[in-house]
Amino acid sequence: MPPTYGMYAVSADINAVENVKVPLKYDFQIDLATLKETWNENSKILFVCSPNNPSGNLLDRKTIQTILDEFPGMVVVDEAYIDFSSEESWTDKLAEYPNLIVLQTLSKAWGMAGIRVGVAMADPYVIEMLDKIKPPYNISLPNQQLATEALSNEAKKNAYVEELLEERTKLITALGQLPNVRKIVPSDANFLLVAFEGAKEVFNYLIEETLIVRDRSSQLHCTDCLRITIGTKEENLELMNLLKAYLEKSVSKL
6 MPPTYGMYAV
16 SADINAVENV
26 KVPLKYDFQI
36 DLATLKETWN
46 ENSKILFVCS
56 PNNPSGNLLD
66 RKTIQTILDE
76 FPGMVVVDEA
86 YIDFSSEESW
96 TDKLAEYPNL
106 IVLQTLSKAW
116 GMAGIRVGVA
126 MADPYVIEML
136 DKIKPPYNIS
146 LPNQQLATEA
156 LSNEAKKNAY
166 VEELLEERTK
176 LITALGQLPN
186 VRKIVPSDAN
196 FLLVAFEGAK
206 EVFNYLIEET
216 LIVRDRSSQL
226 HCTDCLRITI
236 GTKEENLELM
246 NLLKAYLEKS
256 VSKL
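Take 6 as the starting number for the sequence shown in my numbering and just add one per residue.
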């Protein structure tokens, strides 16, 4: 349901599987009526990214529950960013919905993106089927060791998340005071989707100053939008200083 994480479509294409797209509405919520018109008895997997990437918002829980009740195939809820949200994980519903698969990762809140380790949680029968078709080699031993070491220190992760959430609130306030910011999408993730006037120019300016954000302007409903990852206090301050310097530079050209 675009705009969403691009690897769902890539994986479908690699496996020569038809990929049906049902765009989210302009508020980045699921268009349930259109979705229901699109699926049929041959529909196999529905990917739901919540909190969503690149918009950062949670998808409506009641809508997802309706999908779980009515969709004829498997429903994969991707919770890569769930640690940054106050909403409960869908793992609490695994016993209730045998058609539910929940994905989580160590790449975000746990800060372990380099080891490429995540987890799928589902009904035992589904896991048994996945185990039969998985690649013959397991995750390498060093990566297993790093993952278990990280998971044994959840308090450290929680402290980092708490700090990030505080910085997210501060950054939303600071960005909202800039005259060239048109919109900030409410976020339950570790990033903000921000609509700028002249987003491409802002993006290029930040690149020149060696500060990297992501230009998401080409994605559906994301015109003139940059995706900004929440950094440390110092990194966020540097971002704001550069954005203010860009505005001053633009004014001086007039």
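In this text, a Cβ means the ideal position worked out from N, Cα and C, and glycines have one as well.
- For PRO184, the closest C-alpha among the options LYS30, LYS41, LEU248 and GLU93 is that of LEU248.
- A direct Cα-to-Cα measurement between VAL81 and TYR13 gives close to 10 Å.
- For MET126, the enclosing beta strand (DSSP E) has its first and last residue at 123 to 127.
- Here GLN109 is buried, its C-beta having at least 16 other C-beta atoms within 10 Å.
- Around ASN45, the same chain offers no residue with a beta carbon nearer than 7 Å, after the five sequence neighbours per side are excluded.
- The shortest C-alpha to C-alpha distance from VAL25 to any of PHE33, LEU40 and ILE19 is the one to LEU40.
- Listed in chain order, the beta strand (DSSP E) elements of length 3 or more contained wholly in the segment 87 to 157 are 105 to 110 and 123 to 127.
- The DSSP-derived three-state label of MET6 is coil.
- For ILE69, the uninterrupted alpha helix (DSSP H) run begins and ends at 66 to 75, by DSSP.
- For ASP18, the secondary structure class from DSSP, reduced to helix, strand or coil, is helix.
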